[in-house]
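Residue numbers (our numbering): 297 to 473.
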Amino acid sequence: DGTCGVSAEAVLPPVAGDEGLALLKTVMAGLKAGGARISNACGMHVHVDANDLTAEQMVALVDQWVTIQSAVYRLVPAGRRRSQWCPPLSGWDVRNLRVRLLDGSLRPGGRTGVDRYRGLNLDAYRAYGTVEFRIHGGSLNATKAKHWVALVVGIVEAAKTGVTLDGTEFTSAAGLA
297 DGTCGVSAEA VLPPVAGDEG LALLKTVMAG LKAGGARISN ACGMHVHVDA NDLTAEQMVA
357 LVDQWVTIQS AVYRLVPAGR RRSQWCPPLS GWDVRNLRVR LLDGSLRPGG RTGVDRYRGL
417 NLDAYRAYGT VEFRIHGGSL NATKAKHWVA LVVGIVEAAK TGVTLDGTEF TSAAGLA
């Protein structure tokens with residue numbers, strides 16, 4: 297995370313599956329071997345491909361995220377919960393995102409109207425075709441990072457399938473823009 301005032305940031309190319317996990321382990325081992333250190337100010341940002349999500353699925357992602365974000369924030373270090381770089385989505389943010397998603401203005405190249413510095417950043421969608429989860433604390437632990445990646449990929453997959461993380465059907469409030 298380059299926002300914490302350090303001189304370097306590790307950025308991995310888009311990867312998935314076993315190849316991605318192997319690269320994650322290699323990068324983490326290399327960072328440790330090179331003497332990398334993290335502080336409470338550092339964060340780990342994970343981008344998940346969203347190019348194949350429909351507007352309704354993106355709204356479902358936002359709705360599901362708002363439903364679980366307080367629980368997810370309890371999973372991360374206290375410094376990340378209070379960080380200016382990844383606060384939770386507000387009610388205003390959610391209403392604005394829903395409107396822009398449903399009217400088609402939020403697409404690659406479109407603007408969200410919501411600051412990118414949120415725990416869930418949909419502004420990354422316009423720039424990269426991804427959704428970015430910004431709230432995890434920095435880590436050099438590949439196992440911890442792997443589990444975080446699995447969680448956020450699961451959140452996006454749940455929005456795609458309409459099934460919540462606990463296996464129940466998710467009904468989005470998409471029509472309530």
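The beta-carbon is built from N, C-alpha and C at its ideal position, and this holds for glycine as well.
The three-state secondary structure of G433, taken from DSSP, is strand. Inclusion of R394 and V355 in the CB contact set at 8 angstroms is warranted, their separation being smaller than that value. G387 counts as exposed, since fewer than 16 other beta carbons sit within 10 angstroms of its beta carbon.
Here G330 is exposed: its Cβ has fewer than 16 other Cβ atoms, across all protein chains shown, within 10 Å.
Per DSSP, D314 is one residue of the alpha helix (DSSP H) stretching across G313 to A329. In the DSSP assignment, G450 falls within the unbroken alpha helix (DSSP H) covering A438 to T457. Judged by DSSP secondary structure, D345 falls within the beta strand (DSSP E) whose first and last residues are G339 to D345. A contact between stretches requires three or more CB pairs, one per stretch, nearer than 8 angstroms, and the stretch 316-326 meets this requirement with the stretch 437-456.
Residue state for E428 is assigned as strand, using DSSP reduced to three classes.
The beta carbon of Q380 sits closer than 8 angstroms to the beta carbons of Y413 from its chain, once the five residues preceding and following it are set aside; these are given in chain order. Burial state of L308 is exposed, judged by a 10 Å Cβ sphere holding fewer than 16 other Cβ atoms. DSSP places N417 in the strand class (E or B) of the three-state scheme. Setting aside the 5 residues that flank it on each side, A332 is surrounded in the same chain by L436, each with a C-beta closer than 7 angstroms to its C-beta; the list follows chain order. Just measuring C-alpha positions, the residue of A325, C338, V344 and G326 sitting nearest R377 is C338.
Secondary structure note for L385: it is in no alpha helix (DSSP H), with a DSSP letter that is neither H nor E.
When the beta-carbon positions are compared, L418 and F429 stay at least 8 angstroms from each other.
Your pair D345 and T426 checks out as a contact, with CB atoms roughly 6 angstroms apart and the cut at 8 angstroms. In this structure G433 is buried. Its beta-carbon is surrounded by 16 or more other beta-carbon atoms within 10 angstroms. With fewer than 16 neighbouring CB atoms inside 10 Å of its own CB, A374 falls in the exposed class.
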